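Numbering (the working numbering), first residue to last: 3 to 143.
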């Protein structure tokens with residue numbers, strides 16, 4: 003193949019590559035966000051789900067909590083969040099699905115209340131923990 007032919011093939015190939023990149027639309031893969039806010043004084047909480055941004059999820063959760071001392075305990079994108087509690091402690095967790103979020107929440111609670119770890123090994127009744135809420139974005143795994 004002569005130089006001019008090789009050059010023409012190279013230019014045509016670059017043009018096709020550029021055209022395929024330029025012509026490609028954006029995928030509709032926007033993340034969905036969630037958050038859980040909690041009031042330590044009132045022991046109430048608020049949650050948000052499927053918000054278009056982290057900031058909106060946090061604002062919605064704080065608004066839903068509705069108490070002045072509410073703080074966001076967990077936020078996530080494209081997955082689930084869980085809130086678990088005992089008589090004297092609460093914990094949250096996030097994960098790609100319901101099970102992963104609950105595992106993370108029980109593991110977090112076990113740092114302050116060791117029997118909570120039993121919930122992760124199939125002994126939830128003896129762990130003394132309760133599940134308050136598990137929420138998942140529409141695109142959770």
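Think of the CB as a built atom: it goes at the ideal place given N, C-alpha and C, for glycine as much as any other residue. These numbers were taken from a predicted model, which means no experiment stands behind them.
Straight-line measurement puts the Cα of residue 112 at about 27 Å from the Cα of residue 59.
Out of 48, 54, 95, the CA that lies nearest to the CA of residue 83 is found in 95. Annotation for residue 93: 86, 107, 110, 111 place their beta carbon closer than 6 Å to its own, counting only its chain and skipping 5 residues before and after. Of all alpha-carbon atoms in 42, 88, 100, the one lying nearest the alpha-carbon of residue 72 is that of 42. For residue 35, the enclosing beta strand (DSSP E) stretches over residues 35-40.
According to DSSP, residue pairing for residue 48 in a beta bridge involves 39. In the structure shown, residue 139 falls within a coil segment according to DSSP collapsed to helix, strand and coil. Counting only unbroken stretches of 3 or more residues, the beta strand (DSSP E) elements lying wholly within the stretch 59-93 are 73-79, 82-87, in sequence order.
In this structure, the alpha-carbon of residue 33 lies about 7 Å from that of residue 54.
Residue 68 is positioned such that its CB atom lies closer than 9 Å to that of residue 46.
Of the other Cβ atoms in all chains shown, 16 or more fall within 10 Å of the Cβ of residue 49; this residue is therefore buried.
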